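Everything in the sequence shown is counted per our numbering, starting at 222 for the first residue and increasing by one.
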Amino acid sequence: MQEKPETISKFMVPFSDYPSINHKSTLEQAVNLMYQMAGERGYRWLVVLDDNDNIKGFLTLRNVFEAINSLAPKAAGWLGLFNYSRPGFFYWEGVQLIKDTPLDKCIRPLVDVKVMETDHPSKAAEIILNRRITIVPVANEQGQIVGIIRPVDLLPFIQGLFANAPWV
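Quick look at the structure:
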């Protein structure tokens, strides 16, 4: 009897389990949620939703650093952010500006690619490599996003390939 091939659904993170936030939220709200989810589940990204709960994009930890970096000159630069010996009006005004930045200005837009939950895991691996992305939406047969797959989610698949490789 032939074994059924593995599918992405076995390795993906269900969309309902993944942390999400509205695109009108602030960078501070997103960082607080990322901090909480990193501790609880190890997630370092957020799904950013539009007002109709459709995926608008992703907010990665890198996006957070890039947003701070682009706004830091207004807060006396990165060093100014961490120099508590000279916090003045412009310092606090700059930090407030960064905290209040809407996520629309920080997110990585949704890529125009997805995989189906019934696809073989190697398809997700190829997309991750060829498109140089780390988050791929997973859709069901109706085209609805039902999950997310990341390189770390494919690690058990790769380990299984190595474990089941024939000796030569």
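We put the beta carbon where it would ideally sit given N, CA and C, even for glycine. Computed from a predicted model, the values in this text were never measured in an experiment.
Phe286 counts as exposed, since fewer than 16 other beta carbons sit within 10 angstroms of its beta carbon.
Separation of Asn273 and Leu318 (C-alpha to C-alpha, rounded to the nearest whole angstrom) is 27 angstroms. Within the model, the alpha-carbon separation for Ile348 versus Glu227 is close to 17 angstroms.
Residue range Trp266 to Leu270 is occupied by the beta strand (DSSP E) that includes Leu267. As the crow flies, the alpha-carbon of Arg265 is around 6 angstroms from that of Met255.
In the three-state reduction of the DSSP assignment, Leu280 falls in the strand class. If you draw a straight line from the Cα of Ile242 to the Cα of Trp388, it is about 48 angstroms long. The shortest CA-to-CA distance from Arg353 to any of Glu338, Gly364, Arg262 and Arg371 is the one to Arg371. When DSSP states are grouped into helix, strand and coil, Arg353 belongs to the coil group.
Here Asp374 is buried, its C-beta having at least 16 other C-beta atoms within 10 Å. Nearest to Leu331 by alpha-carbon distance, out of Pro240, Ile356 and Ser343, is Ile356.
Ranking Asp271, Val234, Leu270 and Asn253 by CA distance to the CA of Leu282 puts Asn253 first.
In this structure, Leu324 sits near Val269, with a CB-CB distance shorter than 7 angstroms.
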